[in-house]
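12 is the number of the first residue of the sequence shown in the numbering used here; add one for each residue after it.
Right, one structure below, let's go through it.
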Amino acid sequence: MPKREQKFLVRHKKRLLATAALLLLVWILLLDTHSLWTRFALRAEQRVLRAENALLSADIDRVKTLMERPLNAADIERIAREKYSMQRPGELVYPLVDP
């Protein structure tokens with residue numbers, strides 16, 4: 012092979028390798044199922060879910076403390092009035108319906 016053809020092949024091999032490397036890099040960064048783009052999105056979702064989990068854990072702790080507290084007469088009356096629509100003699104109750 013003449014030198015001119017060898018240079019031509021070498022130059023095209025370099026271009027082909029550079030193009031393949033660029034395509035591989037784009038694939039890894041953007042298109043793959045485990046790409047960096049997907050990882051960033053999953054990390055953002057993970058932060059949101061951890062914050063929501065912390066709020067729910069605090070709410071669970073609050074409810075547990077309420078459950079452990081013994082009921083007094085005022086609490087029993089409030090529950091009876093709210094849940095079972097009970098009323099005192101001679102009292103007129105207007106029920107409110109949530110929209």
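Cβ coordinates follow ideal geometry from the N, Cα and C atoms, glycine included.
For W48, the enclosing alpha helix (DSSP H) begins and ends at L47 to E79. Looking at the backbone, the Cα of L103 and that of R61 are separated by about 47 Å. Secondary structure of Q17 (DSSP, three-state): helix. If you look at R99, you'll find it isn't in any alpha helix (DSSP H); DSSP assigns it neither H nor E. Here L47 is near L40, since their CB atoms are less than 7 Å apart.
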